[in-house]
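Residue numbers (my numbering), protein chains in the order written: chain A, 1 to 346; chain B, 1001 to 1346; chain C, 2001 to 2346; chain D, 3001 to 3346.
Beta carbons: idealized from backbone N, C-alpha and C, even for Gly.
4 protein chains.
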Amino acid sequence: MSNSKIKVGVVGSTGLLSGFLIKLLHAHPHITIETVVSESNPNISIDTFHPFLRGITTYKTEEFKSNRLIDDCQVVFFCKPHGKGIEQTLQLVDRSRDLKIIDLSANFRLKQASLYDEWYKFTHPFPESLVEFVYGLPELNAEEIKKANFIANPGCYPTSIILAVAPLYKNKLVHPKKDLIIDSYSGVSGAGKQLNSRNMAINVEANIITYKVTDHQHTPEIEQELTKLLNEEVIINFVPHVAPFKYGIVNTIFVKLRSKIEINEIVDLYRQFYKPHPFIRIYSPDIYPEIQYVEGTNFCDIGFSYNQRTETLIVISAIDNVIKGGVGQAIQNMNIMYGWDENIGL
Amino acid sequence: MSNSKIKVGVVGSTGLLSGFLIKLLHAHPHITIETVVSESNPNISIDTFHPFLRGITTYKTEEFKSNRLIDDCQVVFFCKPHGKGIEQTLQLVDRSRDLKIIDLSANFRLKQASLYDEWYKFTHPFPESLVEFVYGLPELNAEEIKKANFIANPGCYPTSIILAVAPLYKNKLVHPKKDLIIDSYSGVSGAGKQLNSRNMAINVEANIITYKVTDHQHTPEIEQELTKLLNEEVIINFVPHVAPFKYGIVNTIFVKLRSKIEINEIVDLYRQFYKPHPFIRIYSPDIYPEIQYVEGTNFCDIGFSYNQRTETLIVISAIDNVIKGGVGQAIQNMNIMYGWDENIGL
Amino acid sequence: MSNSKIKVGVVGSTGLLSGFLIKLLHAHPHITIETVVSESNPNISIDTFHPFLRGITTYKTEEFKSNRLIDDCQVVFFCKPHGKGIEQTLQLVDRSRDLKIIDLSANFRLKQASLYDEWYKFTHPFPESLVEFVYGLPELNAEEIKKANFIANPGCYPTSIILAVAPLYKNKLVHPKKDLIIDSYSGVSGAGKQLNSRNMAINVEANIITYKVTDHQHTPEIEQELTKLLNEEVIINFVPHVAPFKYGIVNTIFVKLRSKIEINEIVDLYRQFYKPHPFIRIYSPDIYPEIQYVEGTNFCDIGFSYNQRTETLIVISAIDNVIKGGVGQAIQNMNIMYGWDENIGL
Amino acid sequence: MSNSKIKVGVVGSTGLLSGFLIKLLHAHPHITIETVVSESNPNISIDTFHPFLRGITTYKTEEFKSNRLIDDCQVVFFCKPHGKGIEQTLQLVDRSRDLKIIDLSANFRLKQASLYDEWYKFTHPFPESLVEFVYGLPELNAEEIKKANFIANPGCYPTSIILAVAPLYKNKLVHPKKDLIIDSYSGVSGAGKQLNSRNMAINVEANIITYKVTDHQHTPEIEQELTKLLNEEVIINFVPHVAPFKYGIVNTIFVKLRSKIEINEIVDLYRQFYKPHPFIRIYSPDIYPEIQYVEGTNFCDIGFSYNQRTETLIVISAIDNVIKGGVGQAIQNMNIMYGWDENIGL
């Protein structure tokens, strides 16, 4: 690494994720934040939107100007809501293919454009652009990420679920005819800061809210990546819930294996699979990940039990949805793109 | 009581309080719900707004028609937001002074109209009506309530604070030159169901939110009632906070007494003062009320410690803000107005 | 019902469930509490253990004396921990077969004694007694309960799970070769009041704790009842978790049906099945039970979605674990045994 | 700073604070952890007690041996419970006055030994040692800390309260005859991990627990430091509560000033007072600190309102009790002792 620091921009800087991204970027030893952009709220001190940044940073939001970003930044992070900002992102892509872009939305994650119509309820305006973005799950795609300039940063649920079963799919251990069953619990930060009834404290406190039982938009993202791993079409049951805490996702995943396997073999397989990856922690059998162990970190923790009576493998995984499921993974991707240590600044 | 049941109406039936009111009224042995009214959402099944009523009640909201209420009801409960529905309430007052009205808003609590301008930021359109409504705090005003047709049901904070110190003010034990200090914590139900940023779970979870430190609109209500008790002007410091739970208020109140008093005398005084009142529980010294002991009940629990070193009496009180601080007290008032047992249906 | 009230006793009156039982029994119009018994803590005011009972009841605990219970009570509720008090319960059974006994522990729920060794880690001292106790799930066994004197009150998880799928098993709609998958979340009250690290707030707050993934002791209870319904051996995957709230259980259940069925047929089937049962609420498709709708009630709410892509029926059920999963169901059983309205006192 | 890293030891490594201390020390660029000591649990992997350290550190606990610490460490952190380990700490003090010791307990905070009898209920075995330990509140005592080898790290409540009013006391703005009133809310981590009924989730969830209303052991610590600042005896009312979250303290402090002051003057005074101190954030008037802004940081946030009607200044302060109220401040003290940037590793 040269001595001069890499200059980065953040587009969409008023939402929940961007606040945490700015905090981590600000503390990252190899970069400086050149600009934070908010179309809707330009020229406002960033700590107005993210009060925890008071006394830490003094950035003011700027208007979106593609020149400014292309001329002055080497990396641009996009934190726009799903379906927003696609054209802007592609302006940068088209005009400077050297600029690195890490997009934290779902805008470029799915490779089959029709899935946006089906699951996101919008028609993707530039379907041909989808292949240009590498799916930025570092533990599976590190080689591609190293070579990429454009990254689609994975969703929070998909990160925690794909990592939890990838070794099984990659090694063809799952029963192809029995679909995967995933029951997931997320804290309220998963929904960001926008006002809506479901995320009012009066509904969340002392409650579990089940939603989108068959139609959550992360479903095709998980299926796409598992299908790639298995090389056979994967269909899943994915049921998400909101639980009364702020950060974290816990998944309980029920897997039918092709054949009986000792639980210790499973553990060994996972430990081998994830050996080079500092952010994956594989637990010993019958010990389970908890949010309290991953909160505030970029770890994905994975634990197991094998139910002898039903011949079912139960995989439990947990992440901090904002860090490993969002801004931490984005920085991990940047680190990999620049050849830095994967955990710098994390 | 005659065998025929009293017919009641509920106006403003989509907000948080009205759901609980309808639940309690529905189970009350001496009344039947004749109509539930929603101007903004007429002709909709009530359990749409209050899903916990599914399978319990089958009411549909009606439009507001004063004739309907006057002709068919003997009691009407108003659950409109503060500043709304004043004219409608007074339509009923004017046209049928036999109809009993229990208003759960702040619309008729303050007797000095200018306080609405100052604290609620609206000009009361019918200041002359204010004296017609009895302040419905049963433990202090039972005699007036018995004779009244129009009740202003107290606010949640005021209920829990006035009851916590009334014996001291009534008996002139407080130091008149030293203002009362009240630090209060409320669950999120205090803010109802309306969308707003402060009550989003992302802000409430794992947090304390301090608000309106010097200008909460319940301040003049508390001062009005304590001034009546002391017969001397009372000014208070009242600092409210929101804490991460749904129901309940806990107050910590610091009182400077006129002269030294044994804590046991205080306890005896309170027990005597509240003897006839089934919903007040006075704790032994150095045991403190907690939300878990009052949740779901119409109790107001009161406990004490005396700090010898600072010569300060500390009073802790707790209520369920929705029950004793709202719908429970409204029913308690109705019970008293009809001469029924105070705790029927509670 | 005659005018004289039924006299009841409560044995094991210091644990979490007994406090709520005493509260409900105290308010029940057809009974009086004759005695509350605590072997370990006799002669102590009951509100010492259950402070929310202050000012409501004035019972003092008595020592366990079988004569006292047999001579003076018509119903005795046992609230002892699992594995405790079996001999005492049977003393009463043996000496007065007219005395009604409702046991809230697991001591008499399983009909095959060896399951206690396997799942509860104790050897049942009186295996022959197990058949004498009717499994008290009123919506399935009302006829037997009516005739019974000895009731084994179901566990909290089993209540909420068995009711959620009973119509499918009873009507042989489930695929016999594909095991049921149940992912369950319970509030901390499920663990009672005993000190243990897992239920310390430092571990529960802002967390999900997964435990007993393959060996929870409620597993055989669920399997026993589903096997009875299906008339074929049922094996389940049941994964319990603790979530950061006090009351309530939510289950997400994945069912493979024998053949494709329209979701509306399922809903109709359930509504028909549970028609006579006031405490079961069947939701319209794609609306899901939440704890906030059942908290403090004896309801079991059940909702559904059908995943077309995976041909999986997802059933969501919710109860208040302390009420429908404990003391409320115990009282419902008593009501049925006496021929009273099922929901008297609930 | 030389290139070689400072070697540190941690004594008492199984409690809650020590886990977070080890995490921060492990990431600190200028030090290495030489040894972690647990008398009661030697020779056990440290992540057994602090599972979030899995995959981060691989330390094993050692027995306490003073030689080992004196010979191999340059700094030793003591994280023993209050009243424990005094003799061990002093063994190190006596035998190597060059060794730096940072004690996180209350063992050496109070300078008047009799206060231990009165407030902690133990007799301090080595009262003469108390003066040797500098009270490690960096924003007030930086000069002394720089020169000190032995530091008594402040308590969590005292840190957040003393900092909140220090500028007023230092500048003699408080009314000497009117005692300070402090109402404080802490998350459950304040009580550590030891089993006790008050901190069971069944009691903490959806609740506020008031405790030690007149006799909390942090009272004399706050009074001692405010007395030093004012140069006149200070007596306070300090009422602590536990609220349902894990980390954080919020204080509401009511101050009677000697004379009327504009709120902006107050803010200026505080900003001036804390100018050199990176971890103090002074808010603009009528904006209040919240736990969500300080969680996970070493900040102490301070905000104000002035109540014109009662002539009372209300100060709100918030910290993360584990970081600024514990391990973060300990590291801040170490940084100052070594002349490093105050916020290295924080």
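Exercise. If we cut at 8 Å on Cβ distances, does residue 2052 of chain C have a partner in chain B?
Worked result: Residue 2052 of chain C sits at position 52 when you count from the first residue of the third sequence. Yes, its Cβ sits closer than 8 Å to a Cβ of chain B.
Exercise. Does the beta-carbon distance from residue 2074 of chain C to residue 2099 of chain C come in below 8 Å?
Worked result: Translated into the one-based positions of the third sequence, residue 2074 of chain C becomes position 74. Translated into the one-based positions of the third sequence, residue 2099 of chain C becomes position 99. Cβ atoms of residue 2074 of chain C and residue 2099 of chain C: closer than 8 Å.
For this session: Determine, using beta carbons only, whether residue 3055 of chain D comes closer than 8 Å to chain A.
Result: Taking the fourth sequence and counting its residues from 1, one reaches residue 3055 of chain D at position 55. Chain A contact via Cβ: present.
Exercise. Does DSSP put residue 1145 of chain B in a helix, in a strand, or in coil?
Worked result: For the purposes of this step, residue 1145 of chain B is taken as residue 145 along the second sequence, with counting starting at 1. Of the three classes helix, strand and coil, the one that applies to residue 1145 of chain B here is helix, per DSSP.
Exercise. In angstroms, rounded to a whole number, what distance separates the CA positions of residue 2275 of chain C and residue 290 of chain A?
Worked result: For the purposes of this step, residue 2275 of chain C is taken as residue 275 along the third sequence, with counting starting at 1. For the purposes of this step, residue 290 of chain A is taken as residue 290 along the first sequence, with counting starting at 1. Distance between the alpha carbons of residue 2275 of chain C and residue 290 of chain A is about 41 Å.
Exercise. Could you give the residue range of the alpha helix (DSSP H) that holds residue 269 of chain A?
Worked result: The residue labelled residue 269 of chain A in the question sits at position 269 within the first sequence. Element bounds for residue 269 of chain A: 263-273.
Exercise. Hey, out of A:297, A:220, A:316, whose CA is closest to residue 233 of chain A's CA?
Worked result: If you number the first sequence from 1, residue 233 of chain A lands on position 233. It is A:220.
Exercise. Hey, how far is the Cα of residue 3149 of chain D from the Cα of residue 3133 of chain D?
Worked result: Counting from one through the fourth sequence, the residue named residue 3149 of chain D turns up at place 149. Counting from one through the fourth sequence, the residue named residue 3133 of chain D turns up at place 133. Taking the straight line from one Cα to the other gives about 8 Å.
Exercise. For the region 233-248 of chain A, which residues have a CB atom closer than 7 Å to at least one CB atom of chain B, in sequence order?
Worked result: 244, 245, 246
Exercise. When you compare each of D:3152, D:3070, D:3072, D:3039 to residue 3333 of chain D by their alpha carbons, which one comes out closest?
Worked result: One-based indexing of the fourth sequence puts residue 3333 of chain D at position 333. Measuring from the Cα of residue 3333 of chain D, the nearest candidate turns out to be D:3152.
Problem set entry | Own chain residues within Cβ distance below 8 Å of residue 1296 of chain B, not counting five before or after | Here residue 1296 of chain B refers to the residue found at position 296 when the second sequence is read from its first residue. Closer than 8 Å at Cβ, skipping near neighbours: 1247, 1320, 1323.
For this session: Would you verify that the beta carbon of residue 1194 of chain B is, or is not, closer than 8 Å to some beta carbon of chain C?
Result: Working through the second sequence from its first residue, we reach residue 1194 of chain B at position 194. No, its Cβ sits nowhere closer than 8 Å to a Cβ of chain C.
Problem set entry | Range of the contiguous beta strand (DSSP E) that encloses residue 307 of chain A | Counting from one through the first sequence, the residue named residue 307 of chain A turns up at place 307. Its beta strand (DSSP E) spans residues 300-307.
Exercise. With distances taken from CA atoms, which of B:1011, B:1007, B:1016 is nearest residue 1194 of chain B?
Worked result: Residue mapping note: residue 1194 of chain B aligns to position 194 of the second sequence, counting from 1. Residue B:1016 is the option with its Cα nearest to residue 1194 of chain B.
Exercise. Mind checking residue 3109 of chain D: buried by the 16 CB within 10 Å criterion, or exposed?
Worked result: Your numbering for residue 3109 of chain D matches position 109 in the fourth sequence. Per the 10 Å Cβ criterion, buried.
Exercise. Applying the criterion that 16 or more other CB atoms from any shown protein chain within 10 Å of the CB defines a buried residue, is residue 3027 of chain D buried or exposed?
Worked result: Walking along the fourth sequence from the start, residue 3027 of chain D turns up at place 27. Exposed, by the Cβ-count rule.
For this session: Excluding the 5 residues preceding and the 5 following residue 2299 of chain C in the sequence, name in chain order all residues of the same chain whose CB lies nearer than 6 Å to its CB.
Result: Along the third sequence, one-based indexing puts residue 2299 of chain C at 299. The residues are 2279, 2281.
Exercise. Looking at C-alpha atoms only, which residue of C:2223, C:2187, C:2308 is the closest neighbour of residue 2112 of chain C?
Worked result: In the third sequence, the residue the question calls residue 2112 of chain C occupies position 112. Among C:2223, C:2187, C:2308, the Cα nearest to that of residue 2112 of chain C belongs to C:2223.
Exercise. When the Cβ atoms of the region 1134-1142 of chain B are set against those of the region 1327-1341 of chain B, are three or more pairs found closer than 8 Å?
Worked result: With the cut-off at 8 Å, the region 1134-1142 of chain B and the region 1327-1341 of chain B touch.
For this session: Give, in chain order, every residue of the region 3248-3271 of chain D whose Cβ lies closer than 9 Å to some Cβ of chain A.
Result: none
Problem set entry | Residues near residue 2176 of chain C by beta carbon distance below 6 Å, same chain, minus five either side | Translated into positions along the third sequence, residue 2176 of chain C becomes position 176. Within the same chain, residue 2176 of chain C has close Cβ partners 2232.
Exercise. Contact between the region 3049-3057 of chain D and the region 3065-3083 of chain D: three or more CB pairs below 8 Å?
Worked result: No: fewer than three Cβ pairs fall under 8 Å.
Problem set entry | Those residues which DSSP pairs with residue 238 of chain A across a bridge | Indexing the first sequence from 1 puts residue 238 of chain A at position 238. The partner list for residue 238 of chain A (beta bridge, DSSP) reads A:182.
Problem set entry | C-beta atoms of residue 62 of chain A and residue 81 of chain A nearer than 8 Å | On the first sequence, residue 62 of chain A is found 62 positions in, with the first residue counted as 1. On the first sequence, residue 81 of chain A is found 81 positions in, with the first residue counted as 1. Their beta carbons are not under 8 Å apart, which means residue 62 of chain A does not touch residue 81 of chain A by this criterion.
Exercise. Among A:214, A:267, A:314, A:87, which has the Cα closest to the Cα of residue 2309 of chain C?
Worked result: As a working note, residue 2309 of chain C is residue 309 in the third sequence. It is A:214.
Exercise. Along the chain, where does the beta strand (DSSP E) that runs through residue 3018 of chain D open and close?
Worked result: The residue given as residue 3018 of chain D occupies position 18 in the fourth sequence. Unbroken run through residue 3018 of chain D is the alpha helix (DSSP H), 3016-3027; no beta strand (DSSP E).
Exercise. Among the residues of its own chain, which have a CB less than 7 Å from the CB of residue 2142 of chain C, if the five just before and after it don't count?
Worked result: Position 142 of the third sequence, counted from the first residue, corresponds to residue 2142 of chain C. Answer for residue 2142 of chain C: 2336, listed in chain order.
Exercise. Using a C-beta to C-beta distance shorter than 8 Å, which residues of chain G count as neighbours of residue 1292 of chain B?
Worked result: In the displayed structure, chain G is absent; the protein chains listed are A, B, C and D.
Exercise. To the nearest angstrom, how far is it from the Cα of residue 311 of chain A to the Cα of residue 106 of chain A?
Worked result: Looking up residue 311 of chain A in the first sequence gives position 311. Looking up residue 106 of chain A in the first sequence gives position 106. Residue 311 of chain A and residue 106 of chain A: Cα-Cα distance of roughly 36 Å.
Exercise. Between the region 1187-1203 of chain B and the region 1257-1274 of chain B, are three or more C-beta pairs nearer than 8 Å?
Worked result: no
Exercise. Counting Cβ pairs closer than 8 Å, one from the region 153-160 of chain A and one from the region 1163-1171 of chain B, do we hit at least three?
Worked result: Judged by Cβ distances under 8 Å, the region 153-160 of chain A makes no contact with the region 1163-1171 of chain B, as fewer than three pairs qualify.
For this session: Say whether chain A places a C-beta atom closer than 8 Å to the C-beta of residue 2213 of chain C.
Result: If you number the third sequence from 1, residue 2213 of chain C lands on position 213. So yes, residue 2213 of chain C belongs to the interface.
For this session: Could you check what DSSP says for residue 324 of chain A in three-state terms: helix, strand or coil?
Result: Position 324 of the first sequence, counted from the start, is the residue given in the question as residue 324 of chain A. Helix, per DSSP.
Problem set entry | Inside the region 3187-3256 of chain D only - beta strand (DSSP E) runs reaching at least 3 residues | Within the region 3187-3256 of chain D, the complete beta strand (DSSP E) segments of 3 residues or longer fall at 3236-3242, 3249-3255, listed in chain order.
Exercise. Just to check, is the beta-carbon of residue 2066 of chain C closer than 7 Å to a non-hydrogen atom of the ligand MN?
Worked result: Of ligands this structure carries none, so the ligand MN is not represented either.
Problem set entry | Listed by chain order, chain A residues near residue 1197 of chain B by CB distance under 8 Å | Here residue 1197 of chain B is taken as the residue at index 197 of the second sequence, counted from 1. Per Cβ cutoff of 8 Å: 193, 195.
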